[in-house]
Amino acid sequence: MPPPTAGPRPSPGKEERKTKPRRPLLRRILFWILKAILAFLAVSIGMVVIYKFVPPPITWTQIGDVVEGHGVTKRWMSISRIDPNMARAAIAAEDARFCTHHGFDFTAIEQAYARNATGKKKIRGGSTISQQTAKNVFLFQGGGYARKALEAYFTVLIENIWGKRRIMEVYLNVAETGIGTYGVNAGSMRYFKHDASQVSPREAAQIAAVLPLPKKRAAIDPRGFTRRYGNAITARIGTVRGDGLDACIR
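Using our numbering, the first residue of the sequence shown is number 1, and each one after it goes up by one.
What follows is the structure in structure tokens.
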């Protein structure tokens, strides 16, 4: 009896395709997550390096004003031309330990937490000028823990790549000083009809007084809390200068 004939052999290409193992789904997902993280790191670090030398062209907050129909008014001015009283007023109002911390004022954070825990009217969360700059330039307003985590990440980057003087320069040029108005130079032109190179201590304090709530406060003819707050900032400007609290940006 003749031996049975063997059937047709599968082609090598088909056999390889059948036996080639596929990466598990979880492994592929992790691979793409890793690629996304590396891409984010590369883009974010690249942006921080570029903005060390180039003014940020637009921020998410400014885009929001454009969408809402407010428009955007901004006039970039280098920190070497901005009157030193403006930076001192910002330090007096927003971040007295700006020159000594590394992006995070843990003392202020603890004080804010203790105050908020009493159940009384909440105060600001102890954000430093560095944190506010990171948020204003790279992120959006509001948000939860995810936004705060990104804010901390960008704060570390700008502290290490920009340095204090550049952080203050960017802050003074991107901080909102009124509805659709960004930067102390545009704010000075809006409220006092001259640029920020010649603001008086009183004018600098009035601009700094609106920074926490720029859409609800006005630096010209301030009333109530804004007036009292501006008076307090004016008094502190001399302390900032005398105690060298602005030494890192001189």
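Where is the CB? At the ideal position from N, CA and C, for every residue including glycine. Since the model is a prediction, treat every value here as computed from it, not as a measurement.
Taking every protein chain shown into account, the CB of Gln198 has fewer than 16 other CB atoms within 10 angstroms, so this residue is exposed. Under DSSP, the beta-bridge partners assigned to Tyr182 are Lys74 and Glu176.
Around the beta-carbon of Ser80, fewer than 16 other beta-carbon atoms lie within 10 Å, marking it exposed. Two segments are said to touch when three or more pairs of C-beta atoms, one from each, lie closer than 8 Å; by this definition the stretch 93-102 does not touch the stretch 63-79.
For Ile179, same chain residues with a beta-carbon under 6 Å away, outside a window of 5 residues either side, are His70 and Lys215 in chain order.
Looking only at Thr61, Trp162 and His101, the smallest Cα-Cα distance to Gly46 is reached by Trp162. Burial of Ile158 is indicated by the presence of at least 16 other C-beta atoms within 10 angstroms of its C-beta. Secondary structure at Arg190: helix, using DSSP grouped into helix, strand and coil. Under the criterion of beta carbons closer than 8 Å, Ile237 and Pro201 qualify as touching, at roughly 5 Å. Between Gln206 and Gly224, the CB-CB gap reaches or exceeds 8 Å.
Spanning the alpha carbons of Arg228 and Ala235 requires a straight line of approximately 11 Å.
Between Thr59 and Asn136, the C-beta gap is smaller than 8 Å, which places the two residues in contact. Sequence-distant Cβ neighbours of Phe98 in its own chain, meaning closer than 6 Å and more than five residues away, are Ile91 and Ile129. For Ile237, the uninterrupted alpha helix (DSSP H) run begins and ends at Gly224 to Gly242, by DSSP.
The shortest C-alpha to C-alpha distance from Ile50 to any of Arg166, Val66, Gly242 and Ile109 is the one to Arg166.
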